[in-house]
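Take this note's numbering: the last position of the sequence shown gets the number 486, and nothing is skipped along the way. Heads up, the beta-carbon is just placed ideally off N, CA and C, and yes, glycines get one too.
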Amino acid sequence: MTGHQLAQLNVGTLKFPLDDPRTHGFTSMLDTLNEVADRAPGFVWRLIDDGGSDATAIRTSLGDDVLVNMSVWESRDALWDYVYRSGHLDVLRRRAEWFELPKAAFQVMWWIPAGHIPTVEEAVERLELLRAQGPSPRAFGFRDTYTPEDVSAAADTVRT
């Protein structure tokens, strides 16, 4: 898999504005979470607002109250370890305090060529693809086990 890396996007609709005291429990942990991610084995890149230290100021077509978190990892296992075997899990458990219950898929992953930095627009397209068509080699979640080879096979099928 040296020729591929795993991109991921997850989104959350805030219950309260970022500067609301009820959101402080979340915002006060961001720097620490991002530092843990930056040092995690297999971490490659994460989305950061120009001049900022996180992505909380970035808005998309998904809505003004939707926060986006996007990163690139060397492997699915590296991302899994960060999400479920680090301090990040504590934040996931408290997600309902700060974010609305998702009504649709809120997380998507897809394989990219090593060195490619995905755009926010690309990521939103992948999330919308997952929401519209379900898991596929082009857009999937942690429960799915697509590999970079599956992406190539799917592309070959489309070409023939």
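Limits of the alpha helix (DSSP H) - the one that residue i falls within
i	result
R514	Given a span of 327 to 486 for the chain in the structure shown, any question on residue 514 remains unanswerable.
L415	414–419
8 angstroms contact criterion, which residue i and residue j should meet: CB distance rounded
i	j	result
H414	L359	6 angstroms
V434	L405	At roughly 12 angstroms, the Cβ-Cβ gap does not stay under 8 angstroms, so V434 and L405 are not in contact.
C-beta atoms of residue i and residue j nearer than 9 angstroms
i	j	result
W371	S412	no
L388	V337	yes
P367	D407	yes
W399	Q331	yes
R402	G351	no
Cβ neighbours of residue i in the same chain (closer than 8 angstroms, five flanking residues each side left out)
i	result
R310	The requested residue 310 does not occur in the structure, where the chain is confined to residues 327 to 486.
DSSP-derived helix/strand/coil call for residue i
i	result
R365	helix
R372	strand
T382	coil
F468	coil
S478	helix
P347	helix
R485	Its pLDDT being 46, under 50, R485 is placed unreliably by the model, and nothing is read from it.
Own chain, CB closer than 6 angstroms to residue i, minus 5 neighbours either side, in chain order
i	result
A465	V434, W436, R452, L455, L456
N- and C-terminal bounds of the beta strand (DSSP E) containing residue i
i	result
A333	330–339
L427	That residue, L427, is in no beta strand (DSSP E); it is neither H nor E in DSSP.
L393	392–399
M435	433–439
Own chain, CB closer than 7 angstroms to residue i, minus 5 neighbours either side, in chain order
i	result
T489	There is simply no residue 489 to check, as the chain begins at 327 and stops at 486 in what is shown.
The ligand FAD heavy atom lying under 8 angstroms from the CB of residue i
i	result
G413	Looking at this structure, you won't find the ligand FAD or any other ligand, since it has none at all.
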